[in-house]
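In what follows, a single structure is set out as structure tokens and then discussed.
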Amino acid sequence: MPRKTIAHLTDQEIEILKSGIEDPNLVLNYFTRKTGEESGFQLDENFTDDGKWQEMVCQASQKRIVVIGGFGSGKTRGVGAAAVVFCLTTKDFAFMNAAPVSWQSELMYKFVKDALARGTRLGDLVYNAPKTPYPMIEFRFYVGNYLMVTTMEFMSAEKNANNILGWEGDWANIDEAGLLDDLGTTITNLGSRMRGSINGRPRLARLSLISNSWDDPELWYRYDLAIDLPNDYLSRTISTRHNLNVTPDQLRLMLKDIPEEEHERFIEGSRPEGKGNYFSKPKVHACEDEDYNAYIIDGVKNDVPGYGLSTIYGAGVVYFQIPRGDNHHYMILGDPGTGNAPNRNAPVLMLWDVTNFPKYKMSLAAFWWGAGNGSITPFIRQLVRFMAEYDPIFTGVDATGPQKNTNELLNLFLQGKRVDPKLKDEWIGGIDYSTITNLHIGGLDFSSGKKNAYLIAGRLYIEASLMVWPKMITGVRSQLTNYDPAKDTGTQRSKLTQDIVACLCMSAHAARLWFQVSPENPSQADLNQAITLLDTKADRTMRLVGEERNLRVTVRG
């Protein structure tokens, strides 16, 4: 297929390229359409509306992009087709696709050369497409009297991309980034190759990562940066189910080939379980109750009042609740946030049934891993809604750093102090909270050494199986098993999504103080020392006000 004759574009084709800067599908539709067919390749063609991502990536203003998806979610094709658009519309454009092994990188080369260029106008623009010493596609064509020369190269990123340090270009993509041994160094090496200008225009300087959901903290750290740096980072999670080009029968066979416990990762693109560096994986699994899943699902399917369940792609279950039990007692713990699950800084609420604790385990009766969309209001409304429905004996929220004094502001608001009642009702969505016995919200402080008290309480309660939650909440398992204290220090921003971890550990700590219950006979010697440490910090971390202590005596006595 490689041609030595250089094609000349017609005036109509030049106009298509100009229009394609705003609509890349105009370029792809024309230049990749085979003879006798109605259309060519289209970005996002036959994707569900909520799963369309390819055109977004092509047109993104962000220079750092992370796409994590299930098998068959169109990652390689989407990036390859987008790169073709840039090669046809941008002078001297240079694209690099790197992968852990050469054959992986070559998949994109074959897609462009065979699926897009063979038998199409795009093929006329391919001047050379050698496979050795490494796959490469060179486009050459005249736009008027100007000779366009652009390239797409496909290489292995072995040895941390040291072998491609001589390359310079506009866009580097790392395929299956989660499989690289040292992704951080590879990103540094490749990112440094896209600098300066060429023939009067600055390099695009785009670096993208596409991958299945592998257990690589660096990959997920880069993914989470979109929360804090949305102008620089774009991150998307794509499910196999979003791509309707995958037929139902093909999806059915894929599900059979993939172990059921891995469906969330390799079909939905959900964050994987970690290695259990801090919270033991077997102990975390022991706190999960599969029968609880069936209990909730049965209630939802039969429209029983009080049951609720919601899931989203990439996060799994983000909300559930069961009806309030007669004469049951509850505690609510929350971590305010303005982000959206499953990303960092997403708001979390955990409502625990602590009836007859510790004779019976504290059981998660309601859970909300929400979408703040940049506002704390969704967290406040859901918190007050849970308080109104379950009338908890204690409610506490994280009041550390940016969230300091959040609880005090909420207390003033709920008690009608320094606020117009009309504004109060508007802010919390008109929820009737007149039935709440205890409107006071406690503040829990993670600052300084106090964080250790929460973490230790959480680990102790998990080790002793004093907590239980539905197994289907994969976000709890994922965050607990991925948590690593070494990456959660005051000297650097945490690289891990840990909002659920924080909320669960606050829950254990609050129960520890409220009921004065510590796990007996811990199996590890260092846990004895941990209990001592917890005792020394307990009163300084959270002291219950007089009204709450009296309520505790009334309820438990």
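Start counting the sequence shown at 58; every next residue gets the next number (the numbering used here).
We put the beta carbon where it would ideally sit given N, CA and C, even for glycine.
query                                                                                                                                                                       : result
From this set, Ala-283, Ile-315 and Asp-289, which residue's C-alpha is nearest Thr-297's C-alpha?                                                                          : Ile-315
DSSP beta-bridge partners for Gly-365?                                                                                                                                      : Gln-378
Tell me whether Met-193, by its Cβ, gets closer than 7 Å to a heavy atom of the ligand NAP.                                                                                 : The ligand NAP is not among the ligands present in this structure, which contains no ligands whatsoever.
Considering only residues of the same chain and omitting the five flanking positions on each side of Tyr-280, which have a CB-CB separation below 7 Å?                      : Val-123, Ile-125 and Ser-292
Considering only residues of the same chain and omitting the five flanking positions on each side of Ile-231, which have a CB-CB separation below 6 Å?                      : Ala-155 and Leu-266
What number of angstroms, rounded off, separates the C-alpha of His-65 from the C-alpha of Asn-202?                                                                         : 9 Å
Identify the residues that DSSP records as bridge partners of Trp-426: which are they?                                                                                      : Val-405
Is Ala-214 helix, strand or coil when you go by DSSP?                                                                                                                       : coil
Output needed for Cys-562: all residues of its chain with C-beta closer than 7 Å, excluding positions within five of it in sequence on either side, in chain order.         : Tyr-511, Leu-512, Ala-514 and Gly-515
Let me know the secondary structure DSSP gives Tyr-199 once reduced to three states.                                                                                        : strand
Figure out for me which residue from Leu-310, Ala-283, Phe-323 and Tyr-447 has the closest Cα to the Cα of Asn-402.                                                         : Ala-283
When you compare the CB positions of Ala-445 and Tyr-490, do they come within less than 8 Å of one another, or not?                                                         : yes
In this structure, does DSSP put Asn-154 in helix, strand or coil?                                                                                                          : strand
Just verifying my parser: in three-state terms, what is the DSSP assignment at His-342?                                                                                     : helix
Once DSSP output is grouped into helix, strand and coil, what is the label at Arg-442?                                                                                      : helix
Cα-Cα, which of Arg-134, Ile-519, Ile-389 and Thr-243 is closest to Val-114?                                                                                                : Arg-134
Does DSSP put Leu-421 in a helix, in a strand, or in coil?                                                                                                                  : strand
With a CB to CB cut of under 8 Å and the five nearest residues on each side skipped, what residues in its chain are close to Ala-559?                                       : Asp-392, Val-405, Asp-455, Phe-503 and Tyr-511
Which residue wins for smallest C-alpha separation from Arg-197, given the options Asn-185, Pro-190, Tyr-191 and Thr-189?                                                   : Asn-185
Output the boundary residues of the alpha helix (DSSP H) element that contains Asn-86.                                                                                      : 81-88
Can the beta-carbon of Thr-457 be found less than 8 Å from the beta-carbon of Ser-432?                                                                                      : no
Within the same chain, show all residues whose beta-carbon is closer than 6 Å to that of Val-525, passing over the 5 residues directly before and after it, in chain order. : Cys-344, Asp-346, Lys-418 and Ser-420
My understanding is that Leu-440 touches Ile-389, with C-beta atoms under 8 Å, so please give their C-beta distance in whole angstroms.                                     : 7 Å
Roughly how far, in whole angstroms, is the beta-carbon of Trp-228 from the beta-carbon of Ala-140, given that I think they are within contact range, below 8 Å?            : 6 Å
Give the secondary structure of Tyr-540 by DSSP, where H, G and I count as helix, E and B as strand, and everything else as coil.                                           : coil
Classify Gln-69 as buried or exposed, calling it buried when 16 or more other Cβ atoms lie within 10 Å of its own Cβ.                                                       : exposed
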